[in-house]
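*Asks:* One structure, as structure tokens, below. Some questions next.
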Amino acid sequence: MITDHLSVLIIAVGLLGAFFTPIIGLIRKEMCSLWASFIILLQFLISIFLLYQVIIAGNISYWLGGWEPPWGIEYAVDLLNAFVLVIVAGICFSVSIYGRKSLGFEVPDKELPLYTLYILLTTGMLGIVVTGDIFNLYVFLEIGSLAAYALIAMGGRHSLTASFNYMIMGTVSASFILLGIGYLYVMTGTLNMADISALLPSLYGRPVILVAIALLVVGLSIKTALFPLHTWLPDAYTHAPSAVSAVLSGTFTKVGIYALIRVMFTVISPSYVIETVPVMSILSWVAAIGILAGSLLAIAQYDIKRMLAYSSVSQIGYIFLGIGMANKLAMTGGILHILSHSLMKVGLFMVAGAIIYRTGIRNIYQLKGMGKKMPYTMAAFVIGALSMIGIPPTIGFASKFYLAWGALGAGEWVFVVVILLSSLLTAVYFWRIFENAFFGVHEDIKKDEAPISMLLPILAFAVITVLLGLLASLPIGIIEQWVTGVLP
Amino acid sequence: MIFSVDLVLLLLILVLAVASIMVKDLLESTVLFACFSFLMAVIWVEMNSVDVAFTEAAVGAGVSTILLVAAIACTRRYEEER
Amino acid sequence: METVTSFGPGLAVLVSLIGAAMILIFGRYPNIRESISIIAGIIKFGIVASMIPAVMDGKIIELKLWEVLPNLPIMFRVDAFGLLFGLIASFLWIFTTFYSIGYMRTLKEHAQTRFFFCFAMALSSAIGIAFSANLFTLFIFYEILTVSTYPLVIHIETRDAMSAGRKYLLYLLTAGIFLLFSIIAVYHYTGTTDFAPGGILAGKGIPVNMLYLLFITFMIGSAKAAFMPLHSWLPSAMIAPTPVSALLHAVAVVKVGVFTATRIILYIFGIDLMKETGLALAMAYFVAFTIIVASLFALTHDNLKKRLAYSTISQLSYVILGVVMLTPAGITGGMLHILNHAFMKITLFFCAGAIIVASGKEKISEMNGIARQMPLTMIAFTLGAIGMAGTPPMAGFISKWYMLIGSVEIEQIPLLFVLLVSTLLNVAYFAPIIINAFFKEPDKELSYKEAPLFMLIPLILTGIISLVLGIWPDEPLAIVRIAVQSLTGGT
Amino acid sequence: MVLDIIFAKYNYIIYITLMTIGFYGMIGKRNLIKKLIGMSIFQYSIFLFYVSAADVSGGTAPILLKEPAVYVNPLPHVLILTAIVVAVSTLAVGLSLVIRIYKEFGTLDEDKIIELSR
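Chains as they are written, first to last, in our numbering: chain D, 146 to 633; chain F, 29 to 110; chain L, 153 to 643; chain R, 76 to 193.
Shown next as structure tokens:
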């Protein structure tokens, strides 16, 4: 049955797709983007099917080449994987549709490498999520990262240095991760996640485990741009082509967070990282500082993409805060925020891209009259921004509700204040755009909407943001089930 | 106390690493880096990982060096003074 | 008490949402757009009114929609108190729609589609708040109300308006945050956010300090009610066009704040808990302070809309004062004052708007002899003003009377004095306007006439209604009695 | 005593030293190509760690012999093969970036590039 092989098929499709992209591009250049969309659509469908299967039939485990773990590589899919898979594949798919016009405008005549890399990026991220082998995770992380460096570098003059800096930081992070994996391997003699987690408890007294945890946490924090290690992110997101910023902000950092959750809570046991060593509470304090700092830095920006980038730093703080508090509610909120931040931020970056596509304006104080010029795009922007602030009924509200609830339940008053206060700061930096885009222009401005292939994904994200906000109990149900299984 | 071969090699590697970073001439630095890679391969043979040593000699010492030299050829050879 | 399930409350919210969507679609055709506004308003009132018989029979209408978060559904429940507020808001929307059509067309305002759209959204959320069955639903609409009224406040888009808008948002979003915190805390401690007549916090073993904190955050959360230290958004928001000031900042938004506070005091904390912890008395004196100080502030303002705004602040605190007396008479007075104040204040604002449209005057000192040119407007204004002061036979008298009884019942004579003093202050700040308008000679020949009929008729009608409510208060009183009965168990 | 530890674990000490050297190259050097060389040294230090960890004293290379023998663990070798390839591709990507930066800015000095991109 082909359905048994779905978890490996999702990767195989991507790798094959990436391989054939240049061949198709040689025949007809314009076909590249369609091909990429098609491949990623396939991956999206597979991921939905995987989620469905996991929900009805429980976890899926696939042994690559029939080799039983711990010798072979295992692809293990549980609720969390499947959930993140759907997010990643879905976003990559919609952005690939959006990118047809946007990338065609910002990166002309480079379809071949562009879409090959795009598929590779997607596949790398999906690979990180789907794999049950910790070294395999590293390999996919590097595949994704290399594709990301190259994609960012396509944004023009400034993106080159941004990409170079990102590469330096990314390599440090990847090396740390590799080293951390090495320590875990040296201690346990296996690379399979389930195996490691079975063997580790007997070794918990050893300081080596601490070193491994520290290396993994620092490495993954760089990849996910947790606050003091975020320095690569603003430049990279600002100067990358808009579609690339969208995809990276929505998925790549999230995948890093997924890896962190996976390593901390299933490979290493939660009780160890929460009680024995206060890794999680340290992370949560760092995250709380990051939330405020990110918001304040975002307020200081006037380039729309840079502002969104700093806003990402702050929002990633939310996710880390939820995970760091490590109680069921906050964790649910944190994981839900992976979904909600992806939806909101991808939508917002796509809007920024659409504005740049139509007018070339990046300065938020020059957006006067944009509400009349591009009404639908800006309406989507409003919804995304409101969700970011946490106004109901949007998905952003649902995750903030859970985060604040978790903080309150844990008696962490400081975090409650931080979570709630920062939504006010978020309001400050988004409201500047509202004021400029919608008010103060009385003369009639000719409507000049973004092309339909850009508008559709933008509107789709806005609608989903509200729809999921109204039906937040669906994703929460999935996440809660996973969290209950993991946390004691 | 016996000084094994690999300790000597490793110390040599350290020296090469420092040198390849400190030298102002990028081409020189590349060559030193190639030596570094090659010694690394030797160490790995000594540590019984022949396969890695092969790869290292080919890919690390060979390909990397070629890439570096090519890049330097496209750009400039000396580090700029302030 | 019997509960029935009906789509009524859901429909009432939905009507104006659909109306809002259609306003956007037909934005290019003013006539269609505005007929939609009017039709939606009438249908909405019809739906709300159709629920009166059931509620008068002592039934409660419920509608449970889906669960947004686990165990936190969007749920509507129409009880007597909610119905009263729903009736006020939806009934006055019809008048305001007519009035704003007149206002906007006469002044040829820009962005009228946005105006009517946001108005419809705001009304939807006001009704949603009136019919919310739990804090969670209430919060959703509360935030939508904040966001949808922002474009209305800054409608004229000048620099002043923008900064007023920022202030408005700052206050109300902060309030929203505090409210959210309180809701989460309530949910955390009790596992529910449903309103229940006896309160849901009692007997849950919540530490007393936490209760105090919760009460404070809740009251900051209902900053839409413009309690004294949190009031300054309201006078700033008077920069909005007058129909907005009239409906939203005299009726819907601030009343939502008061409504929320009342819901929280009576249906979340509950009468017993409020008494036990002494919060009721503290709150009573706190709002008494607001009543007096806001009246004094009102005296200092020459701008008519500003003066009315401070009057609103003072009058809103009456409602809370009545409610925190926690006796049947006090609560009756408070709830009734929501209704009475709504009609009187909207009349006053309509008049202020009519004066602006007809003569362009906003300052009280410039209004000498204005009654000669606009007699009907000024008569309506006088009706509203004497009602505010609590003179019989106007509507304001009845609610004040109940509050006076309440203050005697709880043996708090200082509160009695507060009520009396504030009546005098009311007279003190309304009398000059009336005297200026009727008895002073104008400085120069006045050339303007009454405002257009679209504006004149609504204000005359609301003026008459506030008189009628004073003479025949039985119907609203009956609704309020049902609400009070469910709370206190007696009459 | 201390010397004993140093001599027993000299591999590890050297890999740490190598790592710091590489790190210095990455962060402290202003020339972009130097940064990349530093990056490679940084990565090599980790490979060194892996291979050292796999080594068994008195073991032989993991090649099947007729008589039974102590083999060193082959799995890390495989991992390092992959990692070396990854490292070289990173270097290649980095160098191609460097070339494009040079074409764009005419210099490889980080400070000058920052100045130029203002």
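Where a beta carbon is used, it is the ideal one built from N, C-alpha and C, also for glycine.
All values reported here derive from a predicted model rather than from experimental measurement.
Between the stretch 405-415 of chain L and the stretch 469-476 of chain L, can you find at least three pairs of beta-carbon atoms closer than 8 angstroms?
*Replies:* At 8 angstroms Cβ cutoff, the stretches touch.
*Asks:* Decide if V458 (chain D) is buried, meaning its Cβ has at least 16 other Cβ atoms within 10 Å, or exposed.
*Replies:* Flag for V458 (chain D) reads buried.
*Asks:* For a test of the three-state rule: what should DSSP assign to M270 (chain D), helix, strand or coil?
*Replies:* Three-state result, M270 (chain D): helix.
*Asks:* Using a cut-off of 8 angstroms between C-beta atoms, extract the partners of A549 (chain D) located in chain L.
*Replies:* Per Cβ cutoff of 8 angstroms: L332, F333, I336.
*Asks:* Quick one: what's S635 (chain D) bridged to in DSSP?
*Replies:* A query on residue 635 (chain D) cannot be resolved here, the shown segment of chain D reaching from 146 to 633 and no further.
*Asks:* Would you mind giving the Cβ-Cβ distance between T106 (chain D) and I341 (chain D), rounded to the nearest angstrom? I have them listed as a contact below 8 angstroms.
*Replies:* Because chain D spans 146 through 633 in this model, residue 106 (chain D) falls outside it and cannot be assessed.
*Asks:* When you compare each of D:G514, D:S416, D:I402, D:L612 to H482 (chain D) by their alpha carbons, which one comes out closest?
*Replies:* Considering only alpha carbons, the answer is D:I402.
*Asks:* In chain order, which continuous runs of the alpha helix (DSSP H) of length 4 or greater are located wholly inside the stretch 488-570 of chain D?
*Replies:* The qualifying runs are 515-518, 520-534, 540-554.
*Asks:* Quick test of the definition: if touching needs 3 or more C-beta pairs under 8 angstroms, does the stretch 210-230 of chain D touch the stretch 573-590 of chain D?
*Replies:* No, the stretch 210-230 of chain D is not in contact with the stretch 573-590 of chain D.
*Asks:* List, in order along the chain, the chain D residues whose C-beta lies closer than 8 angstroms to that of M227 (chain L)?
*Replies:* Chain D residues near M227 (chain L): none, gap ~14 angstroms exceeds 8 angstroms.
*Asks:* With 8 angstroms as the threshold, decide whether the Cβ of G554 (chain D) is near any Cβ in chain L.
*Replies:* It does; some Cβ of chain L falls within 8 angstroms.
*Asks:* Leaving aside the five residues before and after I30 (chain F) along the sequence, list all residues of the same chain whose C-beta is less than 6 angstroms from its C-beta, in chain order.
*Replies:* Reliability of the predicted coordinates at I30 (chain F) is poor, the pLDDT of 47 falling under 50, and no value is obtained from them.
*Asks:* Does DSSP classify P149 (chain R) as helix, strand or coil?
*Replies:* Looking at P149 (chain R) - three-state DSSP - the assignment turns out to be coil, as it is neither helix nor strand.
*Asks:* Skipping 5 residues on each side, what residues in its chain have a beta carbon closer than 7 angstroms to that of L259 (chain D)?
*Replies:* Closer than 7 angstroms at Cβ, skipping near neighbours: L248, V252, M299.
*Asks:* In terms of alpha-carbon separation, which member of D:S394, D:I326, D:D380, D:A391 lies closest to L361 (chain D)?
*Replies:* Nearest of D:S394, D:I326, D:D380, D:A391 to L361 (chain D), Cα basis: D:I326.
*Asks:* Report the option in D:I156, D:F526, D:S598, D:F372 whose CA atom is closest to the CA atom of R577 (chain D).
*Replies:* Ranking D:I156, D:F526, D:S598, D:F372 by Cα distance to R577 (chain D) puts D:F526 first.
*Asks:* Per DSSP, which one or two residues make a beta bridge with R229 (chain L)?
*Replies:* Paired residues: L:E214.
*Asks:* From L621 (chain L) to T614 (chain L), what does the alpha carbon distance come to, in whole angstroms?
*Replies:* If I take the Cα positions, the gap works out to 10 angstroms.
*Asks:* Ends of the alpha helix (DSSP H) at T394 (chain L)?
*Replies:* Note, T394 (chain L): alpha helix (DSSP H), 394-399.
*Asks:* Going along the stretch 95-107 of chain F in order, which residues come within less than 8 angstroms of chain R, judged by CB to CB distance?
*Replies:* Listed in sequence order: L95, L96, A98, A99, I100, C102, T103, R104, E107.
*Asks:* Using only the alpha-carbon positions, how far apart do L535 (chain L) and H453 (chain L) sit?
*Replies:* L535 (chain L) and H453 (chain L): Cα-Cα distance of roughly 21 angstroms.
*Asks:* I need the DSSP call for D346 (chain L), collapsed to helix, strand or coil.
*Replies:* Reduced to three states, the DSSP call for D346 (chain L) is strand.
*Asks:* From which residue to which residue does the beta strand (DSSP E) around V305 (chain L) run?
*Replies:* Careful: V305 (chain L) lies outside any beta strand (DSSP E), inside the alpha helix (DSSP H) at 287-305.
*Asks:* Would F66 (chain F) pass as an interface residue toward chain R - the criterion being a Cβ-Cβ separation below 8 angstroms?
*Replies:* Output row for F66 (chain F): interface = no.
*Asks:* By alpha-carbon positions, which one of L:R229, L:V509, L:L528 ends up nearest to G254 (chain L)?
*Replies:* When only C-alpha atoms are compared, the closest one is L:V509.
*Asks:* Whole angstroms are fine: how far does the CA of A404 (chain D) sit from the CA of V274 (chain D)?
*Replies:* So the alpha carbons of these two residues sit roughly 7 angstroms apart.
*Asks:* Going by the beta-carbon positions, is the gap between M530 (chain L) and I522 (chain L) smaller than 8 angstroms?
*Replies:* Yes, these two residues count as a Cβ contact at 8 angstroms.
*Asks:* For the stretch 73-92 of chain F, list every residue whose C-beta sits within 7 angstroms of some C-beta in chain R, in sequence order.
*Replies:* Those would be M75, N76, S77, V78, D79, V80, T83, E84, V87, G88, V91, S92, in chain order.
*Asks:* Here's the rule: buried if 16 or more other CB atoms are within 10 angstroms of the residue's CB, otherwise exposed. What is S517 (chain L)?
*Replies:* Flag for S517 (chain L) reads exposed.
*Asks:* In chain D, which residues lie less than 7 angstroms from T92 (chain R) when you measure between Cβ atoms?
*Replies:* Chain D residues near T92 (chain R): none, gap ~15 angstroms exceeds 7 angstroms.
*Asks:* Does DSSP put L221 (chain L) in a helix, in a strand, or in coil?
*Replies:* Strand.
*Asks:* Distance check for A128 (chain R) and L171 (chain D), CA to CA, integer angstroms please.
*Replies:* So the two alpha carbons sit approximately 47 angstroms from each other.
*Asks:* Using a Cβ-Cβ cut-off of 8 angstroms (strictly less than) and excluding sequence neighbours within five positions of V36 (chain F), which residues of its own chain qualify?
*Replies:* Closer than 8 angstroms at Cβ, skipping near neighbours: no residue.
*Asks:* By the criterion of Cβ-Cβ separation under 7 angstroms, what are the contact partners of S308 (chain D) in chain R?
*Replies:* Residues of chain R passing the Cβ test: L172.
*Asks:* From the DSSP output, in three-state form, read off T643 (chain L) for me.
*Replies:* Because the pLDDT at T643 (chain L) is just 43, under 50, the model does not fix this residue reliably, and the value given afterwards should be weighed accordingly. If DSSP states are grouped into helix, strand and coil, T643 (chain L) belongs with coil.
*Asks:* Measure the alpha-carbon distance for W437 (chain L) versus L567 (chain L) and round it to whole angstroms.
*Replies:* Inspection of the sequence shows that residue 437 (chain L) is occupied by Tyr rather than by Trp. So the alpha carbons of these two residues sit roughly 8 angstroms apart.
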